[in-house]
Amino acid sequence: MITLNEINKKLHFPVIDFKFQNAGNATALLWEFNIAIKCKIIDLSPSLEFTFEIRSSSLEVYAFNSGFGSAKNCTIKISGSYLSKVFSTELLNYNGDILSGERKRICVLSPSFLILENLKELTHSDDQYHTKNFNNRINGINISNIDATWNYTSETGAKSSGQSSINHTTKFFLTEMGFHVIPNGYIYSIMPPSEIYCVIIDMDKNDVSRKYPISRKINSGDVDRFHIMIGATKSAKIDLQFEFKIDSGSIVKSNLFSIEIWNPIGNSQYYKDGDIFQAKLENTNDAELDNFKYRFDRKHNKFSEYVNYPFLNEKNNRKSSDF
-6 MITLNEINKK LHFPVIDFKF QNAGNATALL WEFNIAIKCK IIDLSPSLEF
44 TFEIRSSSLE VYAFNSGFGS AKNCTIKISG SYLSKVFSTE LLNYNGDILS
94 GERKRICVLS PSFLILENLK ELTHSDDQYH TKNFNNRING INISNIDATW
144 NYTSETGAKS SGQSSINHTT KFFLTEMGFH VIPNGYIYSI MPPSEIYCVI
194 IDMDKNDVSR KYPISRKINS GDVDRFHIMI GATKSAKIDL QFEFKIDSGS
244 IVKSNLFSIE IWNPIGNSQY YKDGDIFQAK LENTNDAELD NFKYRFDRKH
294 NKFSEYVNYP FLNEKNNRKS SDF
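Printed below as a string of structure tokens:
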């Protein structure tokens, strides 16, 4: 019996947790698994990601459409940390289209556009900051958060809206002379290992099935647990069926199920089809899922560390269900 325990989304691609129970009287050898691709459709939804840069004391906000479809008739409003009180509404709003794969500057906040009277009212004498650019501390207001509220229409006519927090790894403040940065430090952690098999489906090929060697021995009455990561070269919705080969000819098939995969434009391809790596999936908080990958080195028959492996902080897991 095969059980789908859960689909874990803490990793960049969904990881399926399998349990294989040997109810027979002899040891079973699981030596191959196949994937039958019943249907695959590229996800053409737009996806807006926001970043900012400080150039020549000006704050510049950028929107990147990492989806595979264009965002039409976008309306984006920048807000947060008193920005609406010291800059005009016109400067904080963007209207227009953002094409698939396009990175567009949507907002420029220059010190020449500051409403100085409002800035002076918000600045307190005890709010002082120091950077390498100033010999003495200067008064300013802390910019602790920047948000983007957006809505757009997709190429299919579907409307979407939401709010995004523009994350940043630096603290900065605003004075009459503009925006100034105070760098933050970085926190690193090490992630303990656990084995996972990796499947990457090429959306530009017409594959209908894939085969992967595997070697797992299951004693009589025992339960073997393993993970299979399902990825794709593009964001997609895919219908799959698993087939496991045991001993000399026995085959166990799963039911057909659907899975959604998110791989936007510009995302680095860290995973390789057929890869084996280790990652702790249970009892691991988001802070631990940051910096280390343990990848199987077939030449030397051991796991090796790879730094800055791209783990995300998605927390939505499917409930347990049986095949």
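First residue of the sequence shown? That's -6 in our numbering, and the numbers climb one at a time after it.
Cβ coordinates follow ideal geometry from the N, Cα and C atoms, glycine included.
As assigned by DSSP and simplified to three states, the class of residue i
i              : result
glutamate 46   : strand
asparagine 111 : helix
lysine 70      : strand
serine 158     : strand
lysine 198     : coil
serine 105     : helix
leucine 92     : coil
serine 77      : helix
glutamate 188  : strand
alanine 141    : strand
aspartate 36   : coil
Residue i burial status per 10 Å Cβ neighbour count (16 or more: buried)
i              : result
lysine 295     : For lysine 295, the predicted structure reports a pLDDT of 43, less than 50, and the residue's modelled location is therefore unreliable. A value from the coordinates is still provided. Classification of lysine 295: exposed, given that the 10 Å Cβ count is below 16.
asparagine 15  : buried
leucine 249    : exposed
proline 257    : buried
alanine 151    : exposed
proline 206    : exposed
serine 247     : buried
isoleucine 244 : exposed
asparagine 66  : exposed
aspartate 10   : buried
valine 54      : buried
threonine 168  : buried
valine 79      : buried
serine 59      : buried
leucine 102    : buried
histidine 293  : Annotation note: pLDDT 45 at histidine 293 (below 50); position unreliable, no value reported.
leucine 52     : buried
Residue i - partner residues in DSSP beta bridges
i                : result
threonine 146    : Lys65 and Lys152
asparagine 58    : Leu41
glutamate 53     : Glu46 and Val101
glycine 171      : Thr168
lysine 31        : According to DSSP, which records beta bridges pairwise, lysine 31 is partnered with nothing at all.
asparagine 86    : Lys70
phenylalanine 26 : Tyr205 and Phe237
alanine 21       : Ile211
Span separating the alpha-carbon of residue i from that of residue j
i                 : j                 : result
leucine 233       : serine 157        : 32 Å
asparagine 18     : alanine 29        : 30 Å
asparagine 88     : arginine 203      : 45 Å
glutamate 42      : glycine 171       : 25 Å
leucine 82        : asparagine 132    : It is threonine, not leucine, that sits at residue 82 in the sequence shown. Approximately 25 Å between the Cα atoms of the pair.
lysine 227        : glutamate 114     : 50 Å
phenylalanine 166 : arginine 98       : 21 Å
alanine 21        : isoleucine 35     : 38 Å
histidine 117     : isoleucine 194    : 57 Å
phenylalanine 13  : asparagine 199    : 30 Å
cysteine 191      : phenylalanine 57  : 28 Å
histidine 220     : aspartate 197     : 25 Å
asparagine 317    : serine 63         : Since the first residue shown for the chain is -6 and the last is 316, residue 317 is missing from the structure and cannot be characterised.
phenylalanine 237 : arginine 209      : 11 Å
asparagine 27     : isoleucine 239    : 12 Å
arginine 96       : leucine 76        : 23 Å
serine 255        : glycine 224       : Going by the sequence as given, residue 255 is tryptophan instead of serine. Roughly 8 Å between the two C-alpha positions.
glutamate 188     : isoleucine 139    : 39 Å
lysine 230        : phenylalanine 106 : 46 Å
asparagine 212    : isoleucine 269    : 23 Å
leucine 37        : phenylalanine 61  : 5 Å
lysine 265        : phenylalanine 6   : 12 Å
heavy atom of the ligand MG below 7 Å from residue i C-beta
i          : result
leucine 22 : Judged by which ligands are present, the structure shown has none, so any question about the ligand MG falls away.
Cβ of residue i within 8 Å of any chain D Cβ
i            : result
threonine 44 : In summary, chain D is missing from the structure at hand, where a single protein chain is found.
What are the start and end residues of each continuous beta strand (DSSP E) run of 3 or more residues lying completely inside the region 207 to 275, in chain order? 216 to 225, 229 to 239, 243 to 246, 250 to 254 and 269 to 271
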